[in-house]
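Undergrad:
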Amino acid sequence: MTGAPDTEDKLHDDRPFLLAAGGTGGHLFPAAALAEELKTRGYPVELATDLRTEKYAIDFPARAIHQLPSATVRGRNPFSLAKTFATLGMGYVGGLAMLRRVKPRAVIGFGGYPTLPPVIAARTLGIPTAVHEQNAVMGRANRLLSKITSRVALTVSPTKKMSEDAVAKSTVTGTPVRSAVLAYRDQPYDPPTADGRLLLLIFGGSQGAHFFSEVFPAALPLLPDAMRDRLTIVQQTREEDLDATRAAYEEAGIAAHLAPFFRDLPERIANAHLICSRSGASTVNEMMAIGRPAIFVPLPHALDNDQLENATRLAEKGGGWCLPQSELTPERLAAELKSLFDDPDRLAAAAAKAHEAATVDAVARLADFAEALAAAESHASA
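Number 173 in UniProt numbering belongs to position 173 of the sequence shown; there are no gaps in the numbering.
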């Protein structure tokens, strides 16, 4: 750990690492993984986020959580943009006050517009800053921040849509996954048997996916009766879709457990025979860490096509399958599921490839990166 302070230094320096993340659980989960590792190394950790992420931050391993005003830049309507920038401005002012009070040793952003106010405020005050990019395509907030931060941490190289300056100051660390996920790293994949149950896990990332609540209840009744009788569905479903989705499965006679959010998702991933999900960076990396076969349906119409890139990279390694939403009719989905459930060896092979693709030391590498960031900047200012 180059430049890392020793234990004695940490005991006499209560300044925290401030992690900034927001928008979705996909940004918060890797930040939580880093927070866990930094705490084991003796550092205090605090989190800067916004109100929207409250339900994901409940168990965040930080000694304090600071909620700052934030908004996402969307569209070109002058009134909407003015309102957005005013909100971000309030977040920046609040961030300055919070940082002067907290005095962090470094600030690391994990993407999403809620990271703009605290990271920009930190740079204004001369506090060491960095961003971590989870996706294979750099997101808009990180593209903006990478112009002013001291360093950039990446999941993969090359990462698309990066400036030359960002590339020059980047380090590949991988995306850290939480200890709750790594707890299942060594649980072997148990492929389905000829007459045994089939457990299908369906989820759309931390925000859910309305499309999944439409296509799966239409597709699963098309499976052969014998296969459908063996099937158990565990599906993350948006609150507004719960009743209709549950009724559709009951009418088809399919056993299903539905919920808007699963706090025990790592265990459910580990126990699944097959997973169908979106392909946000955290989702893909958690799937690889545990090693389970998955059909990825990237979020369509995304500005940066980051989910398509994430899914394609793993599919090319044999760790899953990427199916565009535009092609996923109920008939196509039923055919894909039948083909995979009829071929346990194919499922097991994909599970093994996904497991091999994981960067299991990503959290340690990112913690080393954070320590070096704080140490180098503090030495430079000494």
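For glycine and all other residues, C-beta sits at the position ideal for the given N, C-alpha and C. All values derive from a computational prediction rather than experimental measurement.
Any idea what DSSP makes of residue 256, helix, strand or coil?
TA: Along the sequence shown, one-based indexing puts residue 256 at 256. In this structure, residue 256 counts as strand in the three-state DSSP scheme.
Undergrad: When we look at the beta-carbon of residue 77 and count the other beta-carbons within 10 Å, is it buried (16 or more) or exposed?
TA: Position 77 of the sequence shown, counted from the start, is the residue given in the question as residue 77. That one is exposed.
Undergrad: Measuring from the CB of residue 13, is there a heavy atom of the ligand ZN at a distance below 7 Å?
TA: Looking for the ligand ZN in the displayed structure turns up nothing, as the structure carries no ligands at all.
Undergrad: Alpha carbon to alpha carbon, how far is residue 278 from residue 107? Give it in angstroms, no decimals.
TA: Within the sequence shown, residue 107 is the residue found at index 107, counting from 1. Within the sequence shown, residue 278 is the residue found at index 278, counting from 1. Cα to Cα, residue 107 sits roughly 29 Å from residue 278.
Undergrad: For residue 126, is the classification buried or exposed, using 16 other Cβ atoms within 10 angstroms of its Cβ as the cut-off for buried?
TA: Along the sequence shown, read from residue 1 onward, the residue named residue 126 stands at position 126. It counts as exposed.
Undergrad: Give me the Cα-Cα distance between residue 62 and residue 45, rounded to the nearest whole angstrom.
TA: By 1-based counting over the sequence shown, the position of residue 62 is 62. By 1-based counting over the sequence shown, the position of residue 45 is 45. In this model, residue 62 and residue 45 are separated by some 5 Å (Cα to Cα).
Undergrad: If I'm right that residue 173 touches residue 313 with Cβ under 8 Å, what's the distance once you round it to whole angstroms?
TA: Mapped onto the sequence shown, residue 173 falls at position 173. Mapped onto the sequence shown, residue 313 falls at position 313. About 17 Å separates the two Cβ atoms, so there is no contact after all.
Undergrad: In angstroms, rounded to a whole number, what distance separates the CA positions of residue 170 and residue 237?
TA: Indexing the sequence shown from 1 puts residue 170 at position 170. Indexing the sequence shown from 1 puts residue 237 at position 237. Cα to Cα, residue 170 sits roughly 37 Å from residue 237.
Undergrad: Quick one: what does DSSP say residue 291 is sitting in, helix, strand or coil?
TA: Taking the sequence shown and counting its residues from 1, the one referred to as residue 291 is at position 291. When secondary structure is reduced to three states using DSSP, residue 291 falls in the coil class, being assigned neither helix nor strand.
Undergrad: Which full runs of the alpha helix (DSSP H) of 4+ residues lie inside the UniProt domain "Glycosyltransferase family 28 N-terminal" (17–153), going along the chain?
TA: 25–40, 54–57, 78–102, 116–124, 140–145
Undergrad: If you measure between the beta carbons of residue 149 and residue 134, is that distance less than 8 Å?
TA: Translated into the one-based positions of the sequence shown, residue 149 becomes position 149. Translated into the one-based positions of the sequence shown, residue 134 becomes position 134. Result no, Cβ atoms of residue 149 and residue 134 do not sit closer than 8 Å.
Undergrad: Candidates 116, 81, 43: which alpha carbon is nearest residue 67's?
TA: Reading the sequence shown from its first residue, position 67 is the one you call residue 67. Measuring from the Cα of residue 67, the nearest candidate turns out to be 116.
Undergrad: Pull up the distance between the alpha-carbon of residue 159 and that of residue 138, whole angstroms please.
TA: The residue given as residue 159 occupies position 159 in the sequence shown. The residue given as residue 138 occupies position 138 in the sequence shown. Taking the straight line joining both Cα atoms gives about 6 Å.
Undergrad: Which residues in the same chain as residue 361 place their Cβ atom closer than 8 Å to its Cβ, once the five residues preceding and following it in sequence are excluded?
TA: Numbered from 1 along the sequence shown, position 361 holds the residue referred to as residue 361. Around residue 361: 174.
Undergrad: Counting pairs of Cβ atoms below 8 Å between the region 35–50 and the region 13–24, do you hit three or more?
TA: yes
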